[in-house]
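Here is the structure we will look at.
2 protein chains.
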Amino acid sequence: MILSALLTSVGINLGLCFLFFTLYSILRKQPINVPVYSPRLFAERKTQQQNYFNLERLLPSPGWVKRAWQPSEDELLSISGLDVVVFMRMFVFCARVFTVASIIGVCVLLPINFLGNQLTDDISNLPTKSLESFSISNVNDGSNRLWIHFCAAYVFTGVVCYLLYYEYNHIALKRIAYFYSSKPQPHQFTILVRGIPNPAPSGRTFSQIVENFFTEYHPSTYLSHTVVRRTNKIRSLVNDAEKLYRRLGHLKSVNSHQTSKRDGCLGLFGRKVDLVDHYEKKLEDIEHNVRLEQSSFAGEEVPAAFVSFKSRFGAAIALHIQQGTNPTEWVTEKAPEPKDVYWPFFSASFIRKWICKIAAVVVCIALTILFLIPVVLVQGLANLDQLETYLPFLKGVLRLTFVSNLITGYLPSLILQMFLYVVPPIMKAISSMEGYISHSQIEKSACTKLLWFTVWNIFFANALSGSALYLVNVLLEPKKIPSLLAAALPAQATFFITYVVTSGWTSLSSEILRLIPLLCSYFTRLFAGKDDNADDFEVPCMPYHSEIPRVLFFALLGVTYFFLAPLILPFLLVYYCLGYIIYRNQFLNVYAPKFETGGKFWPIVHNSTIFFLVLMHIIAIGIFGLKKLPLASSLTVPLPFLTLLFNEYCRKRFLPIFKAYPTECLIKKDRENQNDPTMNEFLEKLSTAYQDPALMPVQYSRSDDGRSTPLLQPLDV
Amino acid sequence: MILSALLTSVGINLGLCFLFFTLYSILRKQPINVPVYSPRLFAERKTQQQNYFNLERLLPSPGWVKRAWQPSEDELLSISGLDVVVFMRMFVFCARVFTVASIIGVCVLLPINFLGNQLTDDISNLPTKSLESFSISNVNDGSNRLWIHFCAAYVFTGVVCYLLYYEYNHIALKRIAYFYSSKPQPHQFTILVRGIPNPAPSGRTFSQIVENFFTEYHPSTYLSHTVVRRTNKIRSLVNDAEKLYRRLGHLKSVNSHQTSKRDGCLGLFGRKVDLVDHYEKKLEDIEHNVRLEQSSFAGEEVPAAFVSFKSRFGAAIALHIQQGTNPTEWVTEKAPEPKDVYWPFFSASFIRKWICKIAAVVVCIALTILFLIPVVLVQGLANLDQLETYLPFLKGVLRLTFVSNLITGYLPSLILQMFLYVVPPIMKAISSMEGYISHSQIEKSACTKLLWFTVWNIFFANALSGSALYLVNVLLEPKKIPSLLAAALPAQATFFITYVVTSGWTSLSSEILRLIPLLCSYFTRLFAGKDDNADDFEVPCMPYHSEIPRVLFFALLGVTYFFLAPLILPFLLVYYCLGYIIYRNQFLNVYAPKFETGGKFWPIVHNSTIFFLVLMHIIAIGIFGLKKLPLASSLTVPLPFLTLLFNEYCRKRFLPIFKAYPTECLIKKDRENQNDPTMNEFLEKLSTAYQDPALMPVQYSRSDDGRSTPLLQPLDV
């Protein structure tokens, strides 16, 4: 690829981004789009009535940038919680790293690369220059200038480690401060106990066993417990009831729309009222079944219980010390927030859970390694010749140059992209089968899985461009990895630069435009004639498990290409600066937190950055060897070990803070609440906090519809 | 090697063993040898007076075998503690494993190997048959008989895993029972706190800081604390004093012997009395210095303290929950028994300790990998030609056939053995620099190090017989390991069989004969004219760190050669049966426990057995491949994974029990002691239990010598 082609591509994508931003700034001012662009405000009914039309609504304005930029970190913390702050710190951290990297890369390394003449000695015509001449490949073999690259690797590693330390420290302090400032919450006082011993020999229930055990061994702190019950059956019944209720509501609204003479696509047939009656009867039947199941439910206890304590420290004691003499019984873990509990998990026993976990790991590794095989097969089918064979009637169309270009040029990558879109839900499904007890843990686990998946299937598969089994073979010969990577990566630099510009920048602008929710909202309004209602409106939540790996993948590109092809760095810097503004805007307006882990996503960011650094060092060792500077190659060997030592230190220094709160904090918080008169009320509520929603009373039928006034209100611009 | 040669070697070694046992059974009956063969009884003065001479004393008798066999496991437990029981269980476990293995190996595999004709088709003359024809090498390539080996590998793995599970369970139960039956002990109520924050800003001492912290956060359970002080200087002074005192005592005894007209080698000069005076003055000076140092010691506190609690559960709470917000401060760990504390460790800070640990690991790995290089170099010097060059005056002697045979045949292995004898102390020294706080932890760590060292330098170095760096290269190409091992190991079978017979059996008989202590005792009596005295007599303690790796190494040989060369198995069975009797005898008579870890050595045995199994599987994969039975090779692949899964299950099921005691046990024990009237007294003593011995009052000079009546008493036979 030549420089001018890159600049063209950058220009086009920059133009697209501005177009998207302009569109966004207009669309978001339309009252009808409030549920799409400001669902948080819509759900909280904070949007003011402003139905009159004005010209300003049709003009793009940069006001949203200012509003996204303005709130301080503490304000963001109070609005959206610590997880959001941690997510934004990831952008701040990456922006800082790539600012430093850009300065070193563009001011020092780029000129040195450019002045080499390994590839060509013609420096006259800049625009037609191959991008390769900006990469390390252009430096002469054995040249002493490579020592500058060597120093740059050390300096860059030092800077990144310093920034990592700084961020880890900053977030750890924030986490402690967040805990100190928190109100008493059920999950602080509760633990989950699994593996309750079988009560059959003593003829008692699980509930009695738990009661006995904790009054025996934690007499002064034990408060209450809720034994978990097997509710799969009820849950499916309740789901059926909910579906029926929705359909019923829809039918009724169609009826009401007809009387008020509005268009309804489905409101043309005569059987409607009968249908409503029929559904209502069915709903009543189901509700009756649910109530029956709920009442006849004594025998269905699961050997797991949420046990609540009178103080946070009491819960911590039971959490941290092994309870029974058999370590597979009375297994304790922190309870998640009540709304964060993933209820379907509880049916599995210790052994079954453990086997599920192993199976999940195996499936995940197999999926990661073998993912490319089906993709390549399907892409093979998309070849022109094969298409013509299978679908002969397309022959005429396929012979057109434009169509054939489109198919050969875009179809393969389109298929890859489509497959990639399927992966995050699959990973989440695998994680949820692993027996995690909360949505947050599932997302965290899926996040790690997806990160490895991305690194393997986008980075390694593209860089080494071999079959999956060839890649596995490479891993089995660790000695060859540095030279293999060093030989393959510089050639892929241009591909990854365009990847940042096209995939990275575009993903940001499509994130802010929310094209799919926008279209969905139009289509539902158009076809179903359904108005949005703030009551049963669900605010979307941030899919951390797919977003964090995507953002970190660009950091991987930046870190590994830092001294191979520094040209990539300014584009990354732009990506992170843009991302900072855009995600801030989204958190303030769109996404509501579904759970609060207290910043537990940060260790993933930290660990993967360390991995990227070590990968960079391995590549450096390989490339100095290829460039015939063996001394530099050997002198780089300590660098990964030093980095891993640094990581080990950070693990000791910070990781425990992210695992549990220390005695000091717990007791201080407990003392603070001791004289609080509202504590008694809170402790009373605690015993019912962890109630399975499937066991809540159900009442859908004959309920008041009450949807007469649609709540669409325009946003103040 | 042919069969008859092996039988000769076995015969010779068997004869040697019986000779040693006969010698032992005579020597142990001599009253003068009581301190060598029954130091435990000697120290406890349990040996009865029996000075009259009888003929029985000169006749060998097998009574000691019966006495060693008789005590039950519970009796052994009460006499010597749980660690000894665990050590003996290792022999029981190995004996069981190799009984099963011998039955399968000798009855099934050996005939199959022998009936093959890959190596030779002459089965007429048994005694001149090569030992190779009993190994798997003799089975024809691609023969279906190899499936029997395949089945044997599965069956053997199953049996070993079952036995492992059984033993782990047995020892875990024993450990809990041992805790329940124990009296209140200081280390159950105490934790060690390191990384006490710097008190300088507040102007307080470490002691005050500790007091404040624990009265603040553990008000109901905190009892007292002892801040550790830097005592290196005092300790060296006390050591000096002790040496002087011994020399003085020796001088005085020489004097007294002279007056009582007994021979003394050194008692012939006139300056003695002056010397005594001189030494006594010097001793007084040193003692004065010690007292000065002890009193002027306020400023030398170390940021570490032993903190005692009123209950075991109280100590466990402080132990298991992170205390301060900074995880590198207030680091807690279990306190060792007071006599087990390794006092010199305390001077290091968190960071320094951590760096020491990393350095120790690096040194240890380097020593393990590069050990063979100096050995080979020194062995090279032992070549005849080089010896002649360096020491020309030996030329005449070296030309004698006998001498040259000796030097070329035995010197290299002698040098290797001598180097090997130096390794256990070196490993222990490395471990003690790692910052462990107790002798038991140091021995445990040294034990693991030595185990890897032995596996690497005896097993791999002999099997693959290449240079150290070649071996490291092998490790870097993991794909080749199975076939390399499979090709190399069968050839080494005869070497390892003779190794078991010579090194294994001989080490046992020399263990029981205690040749070096015997000679030492004779020489000190002969030259120093010193009588043993039960007062300052030190009972030897078991060097677990060198014995466990040695015993386990033979298990490694047995497991890996189980289906390669089953001929090794009966010899191993003999080794373990002999070892069982001999070590029982030693524990009852010779070794006194220096510390009690409560069976914490067992996980080492378990983990290494798992490693041996996996190694066996890897070899099996390789050998089935070499023998052209690729299907068996592929079907063996799941076996290591299943074994590792089994290990993972055991880790979850049993390991936590070996790390700490659960709430259930702690609270039961605490309740038991609640109404005990002696507890108050015990708790009072607790506050001074962890006093550095260097800070104890010193009084050597002018002390009463009181050694007039030597306490040599003959043993009842």
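Chains B and H, in that order, are what the protein sequence lines are.
Here the UniProt record's numbering is used: the first residue of the first sequence is 1, the next is one more, and so on.
Here the UniProt record's numbering is used: the first residue of the second sequence is 1, the next is one more, and so on.
Using N, Cα and C, we set each Cβ at its ideal position, and we do this for glycine too.
Backbone CA spacing between residue i and residue j [nearest angstrom]
{"i": "Leu-552 of chain B", "j": "Ile-568 of chain B", "result": "15 Å"}
{"i": "Arg-57 of chain H", "j": "Gln-30 of chain H", "result": "7 Å"}
{"i": "Asn-589 of chain B", "j": "Leu-244 of chain B", "result": "32 Å"}
{"i": "Ala-359 of chain H", "j": "Ile-321 of chain H", "result": "29 Å"}
{"i": "Thr-688 of chain H", "j": "Met-542 of chain H", "result": "28 Å"}
{"i": "Arg-175 of chain B", "j": "Leu-319 of chain H", "result": "23 Å"}
{"i": "Trp-602 of chain B", "j": "Pro-199 of chain H", "result": "32 Å"}
{"i": "Leu-485 of chain H", "j": "Ile-610 of chain H", "result": "18 Å"}
{"i": "Leu-237 of chain B", "j": "Glu-280 of chain B", "result": "15 Å"}
{"i": "Gly-435 of chain H", "j": "Ile-442 of chain H", "result": "9 Å"}
{"i": "Val-500 of chain B", "j": "Val-160 of chain B", "result": "21 Å"}
Candidates the options: closest to residue i by CA position
{"i": "residue 763 of chain B", "options": "B:Pro-570, B:Lys-594, B:Trp-505, B:Tyr-421", "result": "No answer is possible for residue 763 of chain B: it lies beyond the span of chain B, which begins at 1 and ends at 717."}
{"i": "Val-614 of chain B", "options": "B:Phe-641, B:Asp-692, B:Leu-489", "result": "B:Phe-641"}
{"i": "Glu-167 of chain B", "options": "B:Lys-479, B:Val-605, B:Pro-549", "result": "B:Val-605"}
{"i": "Thr-190 of chain B", "options": "B:Tyr-661, B:Ser-311, B:Leu-578", "result": "B:Ser-311"}
{"i": "His-187 of chain H", "options": "H:Asp-340, H:Trp-69, H:Ser-295, H:Val-290", "result": "H:Asp-340"}
{"i": "Val-139 of chain B", "options": "B:Leu-686, B:Thr-215, B:Phe-114, B:Glu-280", "result": "B:Phe-114"}
{"i": "Leu-686 of chain B", "options": "B:Trp-69, B:Ala-493, B:Leu-223", "result": "B:Leu-223"}
{"i": "Lys-282 of chain B", "options": "B:Glu-242, B:His-250, B:Lys-395, B:Gly-314", "result": "B:Glu-242"}
{"i": "Ala-620 of chain B", "options": "B:Gln-674, B:Ile-415, B:Leu-489, B:Lys-652", "result": "B:Leu-489"}
{"i": "Ile-104 of chain H", "options": "H:Ala-68, H:Val-155, H:Gln-70", "result": "H:Val-155"}
Proximity of residue i and residue j at Cβ, strictly below 9 Å
{"i": "Phe-495 of chain H", "j": "Phe-419 of chain H", "result": "no"}
{"i": "Trp-505 of chain B", "j": "Leu-16 of chain B", "result": "yes"}
{"i": "Gly-579 of chain B", "j": "Phe-91 of chain B", "result": "yes"}
{"i": "Ala-43 of chain H", "j": "Val-539 of chain H", "result": "yes"}
{"i": "Gly-116 of chain H", "j": "Ser-130 of chain H", "result": "no"}
{"i": "Ile-196 of chain B", "j": "Trp-330 of chain B", "result": "yes"}
{"i": "Ala-335 of chain H", "j": "Val-227 of chain H", "result": "no"}
{"i": "Leu-626 of chain B", "j": "Ser-483 of chain B", "result": "yes"}
{"i": "Leu-519 of chain H", "j": "Tyr-24 of chain H", "result": "no"}
{"i": "Phe-98 of chain B", "j": "Leu-572 of chain B", "result": "yes"}
{"i": "Ile-26 of chain H", "j": "Pro-62 of chain H", "result": "no"}
{"i": "Val-378 of chain B", "j": "Val-307 of chain B", "result": "no"}
{"i": "Thr-597 of chain H", "j": "Lys-444 of chain H", "result": "yes"}
{"i": "Val-85 of chain B", "j": "Tyr-591 of chain B", "result": "no"}
beta-carbon residue i near the ligand MG non-hydrogen atom, thresh 8 Å
{"i": "Glu-132 of chain B", "result": "Absent from the structure shown: the ligand MG. Ligands present: none."}
query: Which ranges does the beta strand (DSSP E) cover as unbroken runs of at least 3 residues, wholly within the region 384–464 of chain B, from first to last along the chain?
result: none
- request: Using a Cβ-Cβ cut-off of less than 7 Å, give me the residues of the region 661–692 of chain B that come near chain H, in sequence order.
  value: Pro-662, Thr-663, Glu-664, Cys-665, Ile-667
- request: Quick one: which residues of the UniProt domain "CSC1/OSCA1-like cytosolic" (188–344) of chain H get their C-beta closer than 7 Å to a C-beta of chain B? List them in chain order.
  value: Tyr-217, Ala-316, Ile-317, His-320, Ile-321, Gln-322, Gln-323, Gly-324, Thr-325, Pro-327, Thr-328
query: Taking a cut of 9 Å between CB atoms, which residues from the region 632–649 of chain H lie near chain B?
result: Leu-645, Glu-648, Tyr-649
Residues in the region 473–484 of chain B having any Cβ partner in chain H nearer than 7 Å: Residues of the region 473–484 of chain B whose Cβ lies closer than 7 Å to any Cβ of chain H, in chain order: Leu-476, Glu-477, Pro-478, Lys-479.
query: For the region 473–555 of chain H, which segments carrying the alpha helix (DSSP H) assignment without a break, of at least 4 residues, lie completely within its bounds, in sequence order?
result: 481–488, 493–499, 505–513, 515–523
- prompt: Of all the residues that make up the region 156–187 of chain H, which are near chain B by a beta-carbon distance shorter than 8 Å?
  reply: Ile-176
task: May I ask you to list, following chain order, the residues of the region 503–519 of chain B that have a beta carbon less than 8 Å from some beta carbon of chain H?
output: none
message: Taking beta-carbon pairs under 9 Å, can you tell me which members of the region 590–609 of chain B lie near chain H?
response: none
- prompt: Relative to chain H, which residues along the region 385–401 of chain B have a C-beta separation below 7 Å, given in chain order?
  reply: none
field: Length at least 3, wholly inside the UniProt domain "CSC1/OSCA1-like cytosolic" (188–344) of chain H: the beta strand (DSSP E) runs in chain order
entry: 190–194, 222–229, 301–309, 331–334
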